[in-house]
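Chemist: Using this note's numbering, read the sequence shown as starting at 172 and increasing by one per residue.
Cβ coordinates follow ideal geometry from the N, Cα and C atoms, glycine included.
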Amino acid sequence: MPLILDHVDYVYGGDTELAVHALKDVNLVIPDGQFIGLIGHTGSGKSTLVQHLNGLIKPTGGSIYFNGEDIHDDDYDKKKLRSKVGLVFQYPEHQLFEIDVFTDVCFGPKNLGLSKKEAELRAYAALKQVGLEDEFFYQSPFDLSGGQKRRVAIAGVLAMKPDILILDEPTAGLDPKGRDEILDQIASLHREMGITVILVSHSMEDVAKYVERIIVMNKGSVLYDDVPKEVFRHYKELEQVGLAAPQVTYIMQALHEKGFPVNTEATTISEARDEILRVLGNKADR
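#1: Would you call the CB atoms of residue 211 and residue 402 closer than 8 Å?
#2: Considering only their Cβ atoms, is the gap separating residue 236 from residue 177 smaller than 8 Å?
#3: Give the secondary structure of residue 361 by DSSP, where H, G and I count as helix, E and B as strand, and everything else as coil.
#4: Excluding the 5 residues flanking residue 436 on each side, which residues of the same chain have their C-beta closer than 6 Å to its C-beta?
#5: Check for me: the beta strand (DSSP E) holding residue 234 runs from which residue to which?
#6: Is the CB-CB distance between residue 382 and residue 207 below 8 Å?
#7: Report the residue from 222, 334, 349 whose alpha carbon sits nearest the alpha carbon of residue 363.
#8: Give the straight-line distance between the Cα atoms of residue 523 and residue 398, rounded to the nearest whole angstrom.
#9: Using DSSP with H/G/I as helix, E/B as strand and the rest coil, what is residue 321?
#10: Inspect the CB distances between the stretch 241–255 and the stretch 408–426 and report whether three or more fall short of 8 Å.
#11: Identify, in the order they occur along the chain, each residue of the same chain with its Cβ nearer than 8 Å to the Cβ of residue 366, setting aside the five sequence neighbours on each side.
#12: For the stretch 425–457, which segments carrying the alpha helix (DSSP H) assignment without a break, of at least 4 residues, lie completely within its bounds, in sequence order?
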């Protein structure tokens, strides 16, 4: 069943002179199994939006439905919601607090009322899913590298077996190798488990490579909501709101302007490579 946002508004500091309209009439349908990229400049409403998805923030106006139920009905079980809609914050230190990694990942399943054995089985499976080696299981999570902490934070959410996994800038501060490892792992989890993934990111290259749908936020509203090729076709409009297309888009546009008959809709390095080789092959055949 989808997650639905119906005319959602949110105002920080309502009824004060410092009120900020963070979300404005947001209407979205998040179906089962999609890999979605959520992008927008700082202050566009991305983080506010994702905190609405598992009930951390209640909208000022509008409604949010999960599996056909309004998540803010008085008798709705928020604990159950947060086991099904998992959020990994940008800074994993915000979610890590136990004495060692394994105990930390066990916390969520135990909080659901599962037995010690079942919680431990889920924790072990989740840590293996994110590719963390056994040697780190009984170390303090605060002694780990940034990339390892991200893996533990993601495992802590996966251990609750969510239907939707939301990741707020999961690669922030990581080196290129660490970033690729985390994103490849997330893509693998999406393929193998069939869960919905919502990736909040500033990297257009990452979004173009991994997601099948992009939601662009601007000033609290949805500016674009489409497949990557359609969204990045509006690269000039994206620039006007403080964003950009992947570098590949600009390279292909430049080649086209120089007279090379390339398809300018390529958004990933592999697509650009294939398109350039196609054009060069055609030239060589003449």
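Modeler: Reading off the structure:
#1: If you number the sequence shown from 1, residue 211 lands on position 40. If you number the sequence shown from 1, residue 402 lands on position 231. In this structure, residue 211 keeps its C-beta atom at 8 Å or more from the C-beta atom of residue 402.
#2: Counting from one through the sequence shown, the residue named residue 177 turns up at place 6. Counting from one through the sequence shown, the residue named residue 236 turns up at place 65. Yes, Cβ-Cβ distance for residue 177 and residue 236 is below 8 Å.
#3: Residue numbering aside, residue 361 sits at position 190 when the sequence shown is read from its first letter. Note: residue 361 maps to helix in three-state DSSP.
#4: As a first step, residue 436 is located in the sequence shown; it is residue number 265 there, counting from the start. So the qualifying residues of the chain are 400.
#5: Against the sequence shown, residue 234 aligns to sequence position 63. Where residue 234 is concerned, the enclosing beta strand (DSSP E) stretches over 232–237.
#6: Residue numbering aside, residue 382 sits at position 211 when the sequence shown is read from its first letter. Residue numbering aside, residue 207 sits at position 36 when the sequence shown is read from its first letter. Yes, these two residues count as a Cβ contact at 8 Å.
#7: The residue labelled residue 363 in the question sits at position 192 within the sequence shown. The option with the nearest alpha carbon to residue 363 is 334.
#8: No answer is possible for residue 523: the residues shown for the chain start at 172 and end at 457.
#9: As a working mapping, residue 321 is identified with position 150 in the sequence shown. Of the three classes helix, strand and coil, the one that applies to residue 321 here is helix, per DSSP.
#10: Two segments are said to touch when three or more pairs of C-beta atoms, one from each, lie closer than 8 Å; by this definition the stretch 241–255 does not touch the stretch 408–426.
#11: Numbered from 1 along the sequence shown, position 195 holds the residue referred to as residue 366. Only residues of its own chain outside the window of five on either side were considered, and among them 204, 333, 334, 335, 336, 360 have a CB closer than 8 Å to the CB of residue 366, listed in chain order.
#12: The qualifying runs are 440–456.
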